[in-house]
Amino acid sequence: MIKNYLQWAENKPTQKSSTHFNQKGAAILATDLLKSYFEKGLIRQARNLFDEMPERDVVAWTTMISGYTYCSEYTHAWCVFVDMVKSENEPPNAFTISSVLKACKGMKSVFCGGLVHALAIKRRLVEGFIYVDNALMDIYATCGVSMRDACVVFHDIKEKNVVSWTTLIAGYTHRGNSSRALQIFREMLLEGAEMNPHSISIAVRACASIGSENLGRQIHNAVIKQGFESDLPVMNSILDMYCRCGCLSEAKKYFNEMSEKDLITWNTLIAGYERSDSIEALFIFLQMESDGFSPNCFTFTSLIAACANLAALHCGQQVHGGIFCRGLNGNLELSNALIDMYAKCGNIFDSHKIYSEMSCRNLVSWTSMMIGYGAHGYGKEAVELFDEMVRSGIRPDRVVFMAVLSACSHAGLVDQGLRYFNCMMDDYHIKPNQEIYGCVVDLLGRAGRVEEAYQLIRSMPFMADESVWGALLGACKAHNLSKLGKLAAKKALALRPNMVETYVMLSNIYAAEGEWGEAARMRKMMKRAGCKKEAGRSWIEVQNQVYSFVVGNKKGSHIEWVNEVLELPGRHMKEAGYVPELDCLIHDQEDGT
DNA sequence: ATAGGGTTAG
Numbered sequence: 001m002i003k004n005y006l007q008w009a010e011n012k013p014t015q016k017s018s019t020h021f022n023q024k025g026a027a028i029l030a031t032d033l034l035k036s037y038f039e040k041g042l043i044r045q046a047r048n049l050f051d052e053m054p055e056r057d058v059v060a061w062t063t064m065i066s067g068y069t070y071c072s073e074y075t076h077a078w079c080v081f082v083d084m085v086k087s088e089n090e091p092p093n094a095f096t097i098s099s100v101l102k103a104c105k106g107m108k109s110v111f112c113g114g115l116v117h118a119l120a121i122k123r124r125l126v127e128g129f130i131y132v133d134n135a136l137m138d139i140y141a142t143c144g145v146s147m148r149d150a151c152v153v154f155h156d157i158k159e160k161n162v163v164s165w166t167t168l169i170a171g172y173t174h175r176g177n178s179s180r181a182l183q184i185f186r187e188m189l190l191e192g193a194e195m196n197p198h199s200i201s202i203a204v205r206a207c208a209s210i211g212s213e214n215l216g217r218q219i220h221n222a223v224i225k226q227g228f229e230s231d232l233p234v235m236n237s238i239l240d241m242y243c244r245c246g247c248l249s250e251a252k253k254y255f256n257e258m259s260e261k262d263l264i265t266w267n268t269l270i271a272g273y274e275r276s277d278s279i280e281a282l283f284i285f286l287q288m289e290s291d292g293f294s295p296n297c298f299t300f301t302s303l304i305a306a307c308a309n310l311a312a313l314h315c316g317q318q319v320h321g322g323i324f325c326r327g328l329n330g331n332l333e334l335s336n337a338l339i340d341m342y343a344k345c346g347n348i349f350d351s352h353k354i355y356s357e358m359s360c361r362n363l364v365s366w367t368s369m370m371i372g373y374g375a376h377g378y379g380k381e382a383v384e385l386f387d388e389m390v391r392s393g394i395r396p397d398r399v400v401f402m403a404v405l406s407a408c409s410h411a412g413l414v415d416q417g418l419r420y421f422n423c424m425m426d427d428y429h430i431k432p433n434q435e436i437y438g439c440v441v442d443l444l445g446r447a448g449r450v451e452e453a454y455q456l457i458r459s460m461p462f463m464a465d466e467s468v469w470g471a472l473l474g475a476c477k478a479h480n481l482s483k484l485g486k487l488a489a490k491k492a493l494a495l496r497p498n499m500v501e502t503y504v505m506l507s508n509i510y511a512a513e514g515e516w517g518e519a520a521r522m523r524k525m526m527k528r529a530g531c532k533k534e535a536g537r538s539w540i541e542v543q544n545q546v547y548s549f550v551v552g553n554k555k556g557s558h559i560e561w562v563n564e565v566l567e568l569p570g571r572h573m574k575e576a577g578y579v580p581e582l583d584c585l586i587h588d589q590e591d592g593t
């Protein structure tokens, strides 16, 4: 190996005029070669060369550490650093420290980061060595328990630069504290630090995650003014911001104007459309493929979610096939999306199959499976899964409590559900939000414990919103409690006067009591509030086509045989002795919906 | 000759 590089070195003209190699020149050339080996992914060759080098100076050691890190071999990088410190010949310099800190970040080891920090203090390589200070901030911000240590380092930096600010902002954003991140972004501008593409893209991401369209637009204007429109990460984050703020047509406009696009650009737009127009998301994917891009895990996750939203089982299965072909089926997020898709398409067994074949799971995996079970009426299974999850050492969050509570509600496991509600507050100190209260009201209400549900609302530490009152209203309607029902409906309407369902329900309560005048008055109020009831729409997939239909749908090319299919469950229900309860039907409006 | 922060997935 060493012969190789000497041969190579001899053929390469040196910048220096010296005609022969001294040791120093050879070492420099060896380090050069070391670097280019890593850049080509030739890790083995780099290691052999390093092992054969007679003199290894601090630069060579540092090149090894950053080379391994470049190739994502973080543990190897760390081992080189340990060997270097042990050998005591070449003490690490600021370059070494910042390189090895990046390796610590790759290992997600704040412990190793702390050791390096201690060594850096001992060798007086902190405060004033901006690369070291910024790298320290970065490891504490990304891997620390909180932002505290990162802040301590930040405040001790006398001359902060854009990188210091950006690292701090990114730390808060990635931890989900985007408003703090944006505060710091403002502070940065006030202190006179100039924004650059890096700081802009993280600030825009923060805007996107809290839906701050206003600030997002301001930053977009600044981007145009300063000519950063050609920077891909910047434009991708702006695209994402418009998507998350619900400005899809604008997002598409800027997408079309982009001269250069990468896979992330396409993925961002597909994910944006998936949330509100899943069919369009699938069309954009087809365009993406004809543009020569191949899908990755991110693309597939959005496509699977789109199929889930559309309840398009066949399409979802085809996408699943594509995932398999590319060997992407081990991806955690993708598996989570598949669990959800199969459950939403009515195929709970395939959902469970994906779940059970996963080699590692996160909170989302468990939650998706529980939501699936709950929606299919498998309350007991959801409850068992929840207990198993807690036993396996995963700490539940509000979303998974929501999943298990809603499963209990649908399966009529009232006391079980109430136990989880109390456990959430007492053992995990999670404060219930509107959604959780709504779920518990629903849980009590379905079981006929409507008075208890009302008392729960009265005991809430904040004002119940229209969805909580709506849950109570539903319970009142199911159990014919007209007095409390009227109260719930009025409360809900006071909070959201344009909720059609509430008017219809209230009107129906009056109608059921024979108070036709009041019932008609509600209808008029509803018209005045300018709202119209969306017809309840159902859909069915037959032979790779999704058909949607409403009650009383008569014309259409395919509706006749869809109706035929639909008669089957009706017949089964009749055979089982089911008698429809006619006074529960929502009274039709004049326009026939 | 060796070191930096940014974009997509519930």
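Per UniProt numbering, the very first residue in the first sequence carries number 1; after that it's consecutive.
All residues carry an ideal CB built from backbone N, CA and C; glycine is no exception.
Q: Tell me whether D262 sits in a helix, a strand or coil according to DSSP, three-state version.
A: coil
**Q.** Separation of S290 from I304, as counted between CA atoms
**A.** 20 Å
**Q.** Backbone secondary structure at N221 - three-state DSSP
**A.** helix
Q: Taking the CB atoms as reference points, tell me whether I169 and F185 lie closer together than 9 Å.
A: yes
Q) Does the beta-carbon of K105 have 16 or more other beta-carbons within 10 angstroms, so that it is buried, or is it exposed? A) buried
Q. Could you give the C-beta distance for V116 and I97, rounded to a whole number, given that I count them as a contact under 8 Å?
A. 6 Å
Q: Under the assumption that G67 contacts A94 (Cβ atoms under 8 Å), give the Cβ distance between them as a whole number of angstroms.
A: That pair is no contact at about 18 Å.
Q) If we ignore side chains and look at the alpha-carbon of each, how far apart do M425 and Y373 end up? A) 24 Å
**Q.** Buried or exposed by the 16-neighbour rule on C-beta atoms within 10 Å, applied to W366
**A.** buried
Q) With DSSP run on the structure shown, which of helix, strand or coil describes G171? A) helix
Q) Mind pulling the alpha helix (DSSP H) runs of 4 or more residues that sit fully within the segment 304 to 358? A) 313 to 325, 332 to 344 and 348 to 357
Q. CB-CB under 7 Å to I65, same chain, minus the five flanking residues each way: which ones, in chain order?
A. A77, V80, F81, T96, S99, V100 and A103
**Q.** Buried or exposed by the 16-neighbour rule on C-beta atoms within 10 Å, applied to Y503
**A.** buried
(Q) Measuring straight from C-alpha to C-alpha, what distance separates K555 and I202? (A) Because K555 sits at a pLDDT of 49, beneath the cut-off of 50, its placement in the model cannot be relied upon, and the point is left open.
(Q) Suppose contacts are defined by Cβ-Cβ distances below 9 Å. Is D156 in contact with E127 by that definition? (A) yes
Q.
DSSP three-state label for P197, please.
A. helix
(Q) Please classify I121 as buried or exposed, where buried requires at least 16 neighbouring CB atoms within 10 angstroms. (A) exposed
Q.
Using a Cβ-Cβ cutoff of less than 6 Å, which residues in the same chain neighbour H220 once the five nearest sequence positions on both sides are dropped?
A. I238
(Q) Please state the DSSP three-state secondary structure of D277. (A) coil
Q: If I'm right that V468 touches V441 with Cβ under 8 Å, what's the distance once you round it to whole angstroms?
A: 6 Å
Q) Beta-carbon separation of I354 and I371 under 9 Å? A) no
Q) Does DSSP put Y373 in a helix, a strand or coil? A) helix
Q.
So, at 8 Å on beta carbons, what are the nonlocal neighbours of N214 in its own chain, with the 5 sequence-adjacent residues on each side left out?
A. none
Q) Pick from N331, Y342 and L385: whose alpha carbon is nearest that of C360? A) N331
Q: Can you tell me the Cβ-Cβ gap for residue 636 and A492, rounded? I've got them flagged as a contact below 8 Å.
A: Residue 636 lies beyond the range of the chain shown here (1 to 593); nothing can be said about it.
Q.
Only counting the same chain, and skipping five residues up and downstream in sequence, which positions put a Cβ closer than 6 Å to that of A222?
A. none
Q) So, residue 598 versus F298, is the Cβ gap smaller than 9 Å? A) Nothing can be reported for residue 598, as the shown portion of the chain is limited to 1 through 593.
(Q) Can you give me the C-alpha to C-alpha distance between C245 and N309, rounded to a whole angstrom? (A) 20 Å
Q. From H198 to V234, what distance separates their C-alpha atoms?
A. 8 Å
Q | Range covered by the alpha helix (DSSP H) that runs through L443 | A | Q434 to R446
Q) Taking just the CA atoms, how far does M147 sit from L182? A) 15 Å
Q) If you run the structure through DSSP and keep just helix, strand and coil, what is R124? A) coil
Q. My guess is that E52 and A27 are in contact by the Cβ rule of under 8 Å, so how many angstroms apart are they, rounded?
A. Between A27 and E52 the Cβ distance is about 12 Å, and since that is not below 8 Å, they are no contact.
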